[in-house]
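J.:
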Amino acid sequence: MTFNAAPTDLTGKVCLVTGASGGIGASAVAHFSALGATVYATDITDAFDGAATYKRFDLLSDDDLSGCCDWIAEIKPDVLFNNAALFAMGSVLDAGDLVQQDKLFGVNVRAFYAIMQACAKSMVEQKQLGSIINLASQAGHRGEALVAHYCATKAAVISYTQSTALALAPHKIRVNAISPGVIDTPMWATVDALFAKFENKEIGQKKCEVGEAVPLGYMGSPDDVARAAVFLASEQSSYLTAQTIGVDGGNVLR
Ligand SMILES: NC(=O)c1ccc[n+]([C@@H]2O[C@H](COP(=O)([O-])OP(=O)(O)OC[C@H]3O[C@@H](n4cnc5c(N)ncnc54)[C@H](O)[C@@H]3O)[C@@H](O)[C@H]2O)c1
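Just so you know, we're using my numbering here: the sequence shown kicks off at -2 and counts up by one.
1. When you compare only the Cα positions, how much space is there between residue 233 and residue 210?
2. So what does DSSP say about residue 243, is it helix, strand or coil?
3. Tell me whether residue 120 counts as near ligand 1, meaning its Cβ is closer than 6 Å to at least one heavy atom of that ligand.
4. Using DSSP bridges, identify the partner residues of residue 79.
5. Whose C-alpha, out of 143, 70, 196, 79, is nearest the C-alpha of residue 133?
6. What does the alpha-carbon distance come out to for the pair residue 41 and residue 59?
7. Given 6 Å as the limit, tell me if residue 60 has its C-beta closer than that to any heavy atom belonging to ligand 1.
8. Which residues in the same chain as residue 204 place their Cβ atom closer than 7 Å to its Cβ, once the five residues preceding and following it in sequence are excluded?
9. Thinking residue 85 and residue 146 are a contact (beta carbons under 8 Å), I'd like their distance in whole angstroms, please.
10. Span of the beta strand (DSSP E) holding residue 175?
11. So is the beta-carbon of residue 279 under 6 Å away from any non-hydrogen atom of ligand 1?
12. Which same chain residues, not among the five before or five after residue 126, have their C-beta less than 6 Å away from its C-beta?
13. Spatial neighbours of residue 55 within its chain, please: CB distance less than 6 Å, with the 5 preceding and 5 following residues excluded, ordered by chain position.
14. Using 10 angstroms around the beta-carbon of residue 7, count the other beta-carbons present and answer buried if the total reaches 16, otherwise exposed.
15. Let me know the alpha helix (DSSP H) ranges lying completely inside the stretch 209 to 242, each 4 residues or longer, listed in chain order.
16. Using only the alpha-carbon positions, how far apart do residue 88 and residue 227 sit?
17. Could you give the distance in angstroms between the alpha-carbon of residue 34 and the alpha-carbon of residue 77?
18. Should residue 215 go down as buried or exposed, given a rule of 16 or more other Cβ atoms within 10 Å for buried?
19. How big is the Cα-Cα spacing for residue 251 and residue 119?
20. Put residue 34 into one of helix, strand or coil per three-state DSSP.
21. Does ligand 1 have even one heavy atom less than 6 Å from the beta-carbon of residue 18?
22. Just to confirm my understanding: we take residue 97, look at its own chain, exclude 5 residues before and 5 after, and list those with CB closer than 7 Å. What are they?
23. Nearest-angstrom Cα distance between residue 83 and residue 177?
24. If you run the structure through DSSP and keep just helix, strand and coil, what is residue 20?
25. Under 6 Å: does the beta carbon of residue 132 sit that close to some heavy atom of ligand 1?
26. Buried or exposed, going by whether 16 or more other CB atoms sit within 10 Å of the CB of residue 37?
27. Closer than 6 Å: is that where the CB of residue 184 sits relative to any heavy atom of ligand 1?
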């Protein structure tokens, strides 16, 4: 029996974080770099205030998406934290529905898939024992009346995680997803405002309600998700692939 109680060390690993300017992305960058990894970060924002080499790409632009894939071929990541995403709400009876569907599927599924594919190709070429970490959501496990497109994109993330994990298993590349529950990030300002509009609530009310409804009794923090990402990035999780781990305080029982 071997027993490895050494603290997690990501020295020598190259990690790519998408959606790095957001709450969970910024925390992942901070955790990976504090543990010794070389971190590359991307987002749509002009600047990034974190310990990483940063490039701006708008993942809804085909030119930028292909630029991002070319960048991946240069930097050859061992770890992908595939995190960029958009949230929106609306009823299926809304006339503007397909515009919203294109945007959400554009970032959350199309760009997500292209980036995962570019990393997978690079890992196979380099014979790296890579780890791909996809950001799903508790919303990917159950539909919601006013959140149909977002839920569908996150269900797609879970499905692509399973298929890609099986395709890459012969190469010893691991692919897993994290399904956060309710995590206190800038995305929640948007989510809360949309629920206020659609469910006629006070600003801040939905955020309060969802926190209280978590079995552990409060919203998670970006660091809660980043710590699970560190585990998936490291050899501590070497026998774990094709899984979706809930970081949700007990919200979803699998
Ligand atoms: N916060 C939560 O409660 C929660 C719950 C479940 C799942 N998630 C998932 O976790 C991940 C991170 O969420 P977060 O809460 O940190 O959100 P966030 O909004 O703080 O971060 C998302 C990032 O994605 C980037 N992004 C969006 N569109 C882009 C585009 N066109 N091009 C490039 N970048 C773009 C944004 O600029 C942003 O920085 C997402 O995949 C989200 O769906 C979050």
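For each residue, glycine too, the CB sits at the ideal point set by N, CA and C.
T.: Concretely, from the data shown:
1. 32 Å
2. strand
3. no
4. 131
5. 79
6. 13 Å
7. no
8. 185, 189
9. 7 Å
10. 171 to 177
11. Here the chain has residues from -2 to 251 only, and residue 279 is not among them.
12. 169
13. 41, 61
14. buried
15. 219 to 230
16. 37 Å
17. 12 Å
18. exposed
19. 33 Å
20. coil
21. yes
22. 85, 87, 146
23. 14 Å
24. helix
25. yes
26. buried
27. yes
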